[in-house]
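Per full-length UniProt numbering, residue 1 is the first one in the sequence shown, and the count goes up by one each step.
Yeah, the Cβ is synthetic: ideal placement off N, Cα and C, and Gly gets one too.
Scroll down for the structure; my scribbles are underneath it.
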Amino acid sequence: MSSDVLRVIDPRGYFDTFFKEGVYPDGRGILDVTKLVYKQGECGGVGSAVVTNGGVTVSCSIEASISLSSDASLVSVEIAQSQQLSEKDSEDYRALILDLFNRDYFVKRENLKCIDNVGNKLPLDWVLTVTVKILSLDGSILDAVVCAIIAALKDTRLPNIRLNHAIEDESPIEKTQILLEDTNYSLNVHEILMCCTFGVFVRNLEKDLEEEILLFAPSEEITGICRATVSIVVGNDSKIVLTRLRGHLSKFDMIRKMTKLTEERRQKFIEALKQH
């Protein structure tokens, strides 16, 4: 029986022959990281980025507008409709990303205050619209989306503002009193996040024994034969800020290994961002 036929009729058996040797069919080690490539400033707006992570490519663009300071949310997230992503999954990812913004993990709310050209904070806020588009999808979308948002935020530059409205003036601020200066500044990104997705594949051994094999960044096809998939988002000081589990995970000590691998990739991403 050819390997192509086996892959169709018995995908578990097909992939098991590779996983027991510690590799994917393409030769990549099961815990080797996928290639991460990004390019900033490609999609317009005040900041943008295109990221390819393994078999997933996404773009992120950021638009900014000004509002009077209030308690309202300052960030909205849109994931553009795509034939490759169901409406339900799109909404799930949008909610996850928005929650990270609302918990100040990407950008602190205080850093969205408009400032003048000498650094004074004004009674105005920047309101960001973050738009993500899925360009290709074979793997974990969340990993690529988190990286794309970080890269786009690091690319973001906002103009300084001149406000022709006296502090002691209690009358409403008019739009005509808000002027954009020729100078601008980089948005202060509070926390560089990294998301990595893992699969847990179960090998059946003799005497009803099982072996759980950890897989880094499994493809869509492989995810379908995993007992569980886990997405880990790590921030400063190796802190886990989000865990997304689908399926059943019997050994939670695996989370420590996932966190370690995610932090290692986060540090490499930080170093890469410093080069731009």
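Just to confirm the assignment, what range does the beta strand (DSSP E) spanning residue 227 have?
For the purposes of this step, residue 227 is taken as residue 227 along the sequence shown, with counting starting at 1. No beta strand (DSSP E) holds residue 227; DSSP gives it neither H nor E.
Using the three-state DSSP reduction, which class does residue 286 fall into: helix, strand or coil?
The chain is shown from 1 up to 276; residue 286 falls before or after that span and cannot be answered.
Alpha carbon of residue 8 to alpha carbon of residue 14, nearest angstrom
The residue you call residue 8 lines up with position 8 of the sequence shown. The residue you call residue 14 lines up with position 14 of the sequence shown. The straight-line gap from Cα to Cα measures roughly 9 Å.
Take residue 243 as the anchor and find which of 65, 196 and 91 has the nearest alpha-carbon.
Within the sequence shown, residue 243 is the residue found at index 243, counting from 1. The candidate whose alpha carbon is nearest that of residue 243 is 196.
Sequence ranges, beta strand (DSSP E) only - wholly within the UniProt domain "Exoribonuclease phosphorolytic" (47 to 159), length at least 3:
47 to 53, 56 to 68, 75 to 79, 113 to 115 and 121 to 136
Within 10 Å of its beta-carbon, does residue 40 have 16 or more other beta-carbons around it, so buried, or fewer, so exposed?
To locate residue 40, count along the sequence shown from 1; it is residue 40. The residue in question, residue 40, is buried, as its Cβ has 16 or more Cβ neighbours within 10 Å.
Give the range of the alpha helix (DSSP H) segment to which residue 167 is assigned.
Taking the first residue of the sequence shown as position 1, residue 167 is located at position 167. That residue, residue 167, is in no alpha helix (DSSP H); it is neither H nor E in DSSP.
How many angstroms separate the CA atom of residue 96 from the CA atom of residue 64?
Counting from one through the sequence shown, the residue named residue 96 turns up at place 96. Counting from one through the sequence shown, the residue named residue 64 turns up at place 64. Going by the C-alpha atoms only, they are around 21 Å apart.
On a Cα-Cα basis, can you pick out the residue from 258, 145 and 25 that is closest to residue 352?
Within the shown structure, residues of the chain are numbered from 1 to 276, placing residue 352 beyond reach of any answer.
Taking only three categories from DSSP, how would you classify residue 191?
Stepping through the sequence shown from its first residue, residue 191 is reached at position 191. Coil, per DSSP.
According to DSSP, is residue 42 helix, strand or coil?
Within the sequence shown, numbered from 1, the residue matching residue 42 stands at position 42. Three-state result, residue 42: coil.
Start and end residues, alpha helix (DSSP H) containing residue 15
Numbered from 1 along the sequence shown, position 15 holds the residue referred to as residue 15. Looking at the DSSP string, the run of the alpha helix (DSSP H) that includes residue 15 is 11 to 19.
Taking DSSP as the reference, what is the three-state secondary structure of residue 34?
Locating residue 34 in the sequence shown gives position 34, where the first residue counts as 1. Three-state DSSP puts residue 34 in coil, outside helix and strand.
Quick one: what's residue 185 bridged to in DSSP?
In the sequence shown, the residue the question calls residue 185 occupies position 185. DSSP, once it has assigned bridges, lists 158 as partnering residue 185.
Just confirm the distance between the C-beta atoms of residue 62 and residue 130, as a whole number of angstroms; I'd bet it's less than 8 Å.
Residue numbering aside, residue 62 sits at position 62 when the sequence shown is read from its first letter. Residue numbering aside, residue 130 sits at position 130 when the sequence shown is read from its first letter. Going by Cβ atoms, the distance from residue 62 to residue 130 rounds to 6 Å, so yes, they are a contact pair.
Going by beta carbon distance, what residues of the same chain come within less than 8 Å of residue 200, once the five residues before and after it are set aside?
As a first step, residue 200 is located in the sequence shown; it is residue number 200 there, counting from the start. Contacts found: 212, 213, 214, 215, 226, 227, 228, 229, 230, 247, 249 and 254.
Compare the C-alpha of residue 45 against each of 222, 157 and 183 and name the closest.
On the sequence shown, position 45 is the one that residue 45 refers to. The candidate whose alpha carbon is nearest that of residue 45 is 157.
Proximity to residue 267 [Cα-Cα], best of 118, 219 and 193:
Here the question's residue 267 lines up with position 267 in the sequence shown. It is 193.
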